[in-house]
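Enquirer: Going by full-length UniProt numbering, the residue at position 495 of the sequence shown is 495; the numbering climbs one at a time, nothing skipped.
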Amino acid sequence: MITVNDVSVQFSGTTLFSNVSFAINENDKIALMGKNGAGKSTLLKIIAGATKPTSGNITAPKEDIIAYLPQHLLATDNTTVFEETSKAFAEITKIKVEIDAINKELTVRTDYESDAYMNLIERVSELSEKYYAVEEVNYEAEVEKVLKGLGFERNDFNRPTLEFSGGWRMRIELAKILLQKPDLILLDEPTNHIDIESVQWLEDFLINSAKAVIVISHDRAFVDNITNRTIEVTMGRIYDYKANYSHYLELRKDRRVHQQKAYDEQQKMIADNMDFIERFKGTYSKTNQVQSRVRMLEKLQLVEVDEVDTSALRLKFPPSPRSGQYPIVVNDLSKSYGEHVVFKNADLVIERGQKVAFVGKNGEGKSTMIKAIMNEIDFEGKLEVGHNVKIGYFAQNQASLLNEELTVFETIDHIAVGDIRTQIKNLLGAFMFSGDDTTKKVKVLSGGEKTRLAMVKLLLEPVNVLILDEPTNHLDMRTKDIIKSALKDFDGTLILVSHDRDFLDGLAEKVFEFGHRRVKEHFENITNFMALKKMESLREIEK
């Protein structure tokens, strides 16, 4: 058992959380929840030993391995994907090398009675006990299985890690963690950089092969599938629920109702007593009662109500200008980069008002197809953008297109029209811009903050075709709910590239699957499509 003991954290005099304590049992699968800035990532780093708390400590058995997926990328070096991943077995490899070296030395030494010789015998015995206690494993096969599960192809194994993007290098770090078979795995947003099939594989691994897990994730389906316990960090405290995320939401709602009732009752009691004190503070016969009530109010512990859920905020799109019946028509489209064929002879038709999802492994052509639609690349074949189509495009570099000299508020104020203008501050608050944040200039925002602001800006522009490429990576669940609700009501055409199944569920009515150099149309919603892909994915892994 690993325990968190009275952990407190303060930054510049502000308390992030205070006297937090809980135990992590052997097979706990814990979702760490809370709004952005509540301290989730900080708590994860403290448990990992990557940072120190202001007070309190973490205790764990000496032999326990705690593995942490950090937000930073692996060091730039010249190892291949396979070599870097194999470092997961560095400790066991080191033991084997030392055993071989001692055995070699023992064959040439003749001082059998010396202390030095006996020390070598003891050392090799100790190491051998450790080495042979580890179950016999084909390490190369294990590395291959995990890498393929996380989306790498066999021809990637000998490529240098330097050739891969940040997202793929995060997968290498994740592979190393999973191969260590740790007693506790700490994951901070592990699904941000992996596709749907890899997310499914990771789920299966964490459910069936991992011991204890603590995960921070905005992927609701992923969290619900793997966790059996939810710890919420809020207002400097924690609440521990023996429930998965969806059940926790119901329990938290009940908790807030009880908190609000207790708060209202206490406020009435305070008001009544203050009224009594004010009326009788100069009355001699009531002096003792007045003083008694003053002392009682001074000692009173105030009931606090957790942060108000702003998910009730509804974002409405401006009405879409009417487009032609078929905003996007693709015939016999092919795209290659040199000898690498991305897709060939692709056909797709998207009708006015349809909401479709582009899904498939990374690198199979989803973003390439969007670039073709946006006329950003050359291609072979025919692609028509329909009559009066006005496209709103959220790309991965969308944040870089913002005017850096404007403030957050000005960025939205310049484009907001109609009723939404009266709700700009509420809207920005829902996207985690509140108080002084709204007066900051765009140039001082972090990458994640710019991405969120770009999303707000896009959602307010009058368009009739929205193309969103991985729009939810920097958004918490509450904000995603607001966007999802708005997209459901959007009367235009929607193309979504996303690996967030919960976000796509109930939103995408048709799926275009990209893979094996082709584009396949599925006339079913994302839930039915994923049920089908789950079976195919498992068969592929077993092969």
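Quick reminder that beta carbons are idealized off the backbone N, C-alpha and C, glycines included. Only a predicted model underlies this, so the values are computations on that prediction, with no experimental measurement involved.
Under DSSP, the beta strand (DSSP E) around Ala-48 begins and ends at which residues?
Expert: Taken as a continuous stretch (DSSP letters only), Ala-48 belongs to no beta strand (DSSP E), being part of the alpha helix (DSSP H) at 40-48.
Enquirer: Tell me whether the region 510-519 and the region 236-244 touch, counting them as touching only if at least three CB pairs, one residue from each stretch, are closer than 8 Å.
Expert: Touching, no, given that fewer than three Cβ pairs across the two stretches are closer than 8 Å.
Enquirer: With DSSP collapsed to three states, give me the class of Gln-10.
Expert: Strand at Gln-10.
Enquirer: Assuming Gln-398 and Thr-479 are in contact, meaning their beta carbons sit under 8 Å apart, how far apart are those beta carbons, in whole angstroms?
Expert: Actually they are not in contact, since the Cβ atoms of Gln-398 and Thr-479 sit about 16 Å apart, beyond 8 Å.
Enquirer: Since Ala-221 is in the alpha helix (DSSP H), which residue starts that stretch and which ends it?
Expert: Per DSSP, Ala-221 belongs to the alpha helix (DSSP H) from 220-226.
Enquirer: Ignoring anything shorter than 3 residues or poking outside the region 211-277, list the beta strand (DSSP E) runs there in chain order.
Expert: Fully enclosed beta strand (DSSP E) runs of 3 or longer: 212-216, 229-234 and 237-241.
Enquirer: Checking 7 Å against the spacing of the C-beta atoms, do Val-349 and Val-329 come in under that value?
Expert: In contact: Val-349 and Val-329 (Cβ atoms closer than 7 Å).
Enquirer: If you run the structure through DSSP and keep just helix, strand and coil, what is Ser-125?
Expert: The answer is helix: DSSP assigns Ser-125 an H, G or I state.
Enquirer: Using three-state DSSP, classify Phe-503 as helix, strand or coil.
Expert: Helix at Phe-503.
Enquirer: When DSSP labels each residue in this structure, what does Thr-110 get in the three-state scheme?
Expert: In this structure, Thr-110 counts as coil in the three-state DSSP scheme.
Enquirer: Does the region 76-88 come close enough to the region 159-177 to have 3 or more Cβ pairs within less than 8 Å?
Expert: Contact holds: three or more Cβ-Cβ distances are below 8 Å.
Enquirer: Between which residues of its own chain and Tyr-284 is the CB-CB distance below 7 Å, once the five residues before and five after are set aside?
Expert: Same-chain partners within the cutoff: there are none.
Enquirer: Kindly list the residues whose CB is nearer than 6 Å to the CB of Ala-262, restricted to its own chain and excluding five residues on each side of it in sequence; keep chain order.
Expert: Answer for Ala-262: Val-303, listed in chain order.
Enquirer: Given a cut-off of 7 Å on the beta-carbon distance, is the pair residue 544 and Val-497 in contact?
Expert: As displayed, the chain neither begins before 1 nor continues past 543, which places residue 544 out of reach and without an answer.
Enquirer: Less than 8 Å between the CB atoms is what I'm expecting for Leu-69 and Pro-190, so what's the real figure, rounded?
Expert: About 6 Å separates the two Cβ atoms, so the contact holds.
Enquirer: What's the gap between the Cα of Ile-226 and the Cα of Gly-386?
Expert: One C-alpha to the other measures close to 43 Å.
Enquirer: Provide the residue(s) that pair with Gly-515 in DSSP beta bridges, ordered along the chain.
Expert: According to DSSP, which records beta bridges pairwise, Gly-515 is partnered with Arg-518.
Enquirer: Whose CA, out of Thr-439, Val-463, Val-465 and Asn-464, lies closest to the CA of Glu-453?
Expert: In the sequence as displayed, the identity of residue 453 is Leu instead of Glu. Among Thr-439, Val-463, Val-465 and Asn-464, the Cα nearest to that of Leu-453 belongs to Thr-439.
Enquirer: Do the region 98-117 and the region 139-146 make contact, defined as three or more Cβ pairs closer than 8 Å?
Expert: Not touching, per the Cβ criterion.
Enquirer: Around the Cβ of Met-296, are there at least 16 other Cβ atoms within 10 angstroms (buried) or fewer (exposed)?
Expert: Exposed is the call here.
Enquirer: Looking only at its chain, what residues have a beta carbon closer than 7 Å to the beta carbon of Ile-270, apart from the 5 residues adjacent to it on each side?
Expert: Cβ within range, chain order: Leu-297.
Enquirer: State buried or exposed for Phe-11, treating a residue as buried only when at least 16 other CB atoms are found within 10 Å of its CB.
Expert: Answer is exposed; the Cβ neighbour count stays below 16.
Enquirer: Could you round the C-beta distance between Val-305 and Gln-354 to whole angstroms and report it? I think they count as a contact, below 8 Å.
Expert: About 43 Å; that fails the 8 Å criterion.
Enquirer: Of all the options Asp-332, Glu-404 and Asn-388, which has the alpha carbon lying nearest to the alpha carbon of Ala-372?
Expert: For the residues Asp-332, Glu-404 and Asn-388, the minimum Cα distance to Ala-372 belongs to Asp-332.
Enquirer: At which residue ranges does the region 129-215 contain complete beta strand (DSSP E) runs of 3 or more residues, listed in the order of the chain?
Expert: List check, beta strand (DSSP E) in window: 184-188.
Enquirer: Determine the contact status of Ala-212 and Ile-24, defining contact as a CB-CB distance below 7 Å.
Expert: Yes, the Cβ-Cβ distance between Ala-212 and Ile-24 is below 7 Å.
Enquirer: Mind checking who Met-33 pairs with in its DSSP beta bridge?
Expert: Beta-bridge pairing links Met-33 to Glu-232.
Enquirer: Tell me which residues share the same chain as Leu-504 and place their Cβ nearer than 7 Å to its Cβ, disregarding the 5 neighbours each side in the sequence.
Expert: Taken in chain order, the residues that qualify are Ala-357, Leu-496, Ser-498 and Ile-526.
Enquirer: Per DSSP, which one or two residues make a beta bridge with Leu-496?
Expert: DSSP lists Ala-357 and Leu-468 as partners of Leu-496.
Enquirer: In whole angstroms, what is the alpha-carbon distance linking residue 558 and Asp-195?
Expert: Outside the shown range of the chain, which is 1 to 543, sits residue 558, and nothing can be said about it.
Enquirer: Taking 7 Å as the threshold (C-beta atoms), are Asn-19 and Asn-57 in contact?
Expert: No, Cβ-Cβ distance for Asn-57 and Asn-19 is not below 7 Å.
Enquirer: Assuming Val-359 contacts Glu-513 under a Cβ cut-off of 8 Å, what Cβ separation, rounded to an integer in Å, is found between them?
Expert: Right, the Cβ-Cβ distance comes to about 6 Å (below 8 Å), so this counts as a contact.
Enquirer: With Ile-185 and Phe-22 assumed to form a contact (beta carbons below 8 Å), what rounded beta-carbon distance in angstroms separates them?
Expert: Actually they are not in contact, since the Cβ atoms of Ile-185 and Phe-22 sit about 17 Å apart, beyond 8 Å.
Enquirer: Using the Cβ count rule (16 or more neighbours within 10 Å means buried), how would you classify Ala-101?
Expert: Label assigned to Ala-101: exposed.
Enquirer: Can the beta-carbon of residue 544 be found less than 7 Å from the beta-carbon of Thr-14?
Expert: With the chain covering 1 to 543 only, the question about residue 544 has no answer from this structure.
Enquirer: Per DSSP, what kind of secondary structure is Gly-365 in: helix, strand or coil?
Expert: Three-state result, Gly-365: coil.
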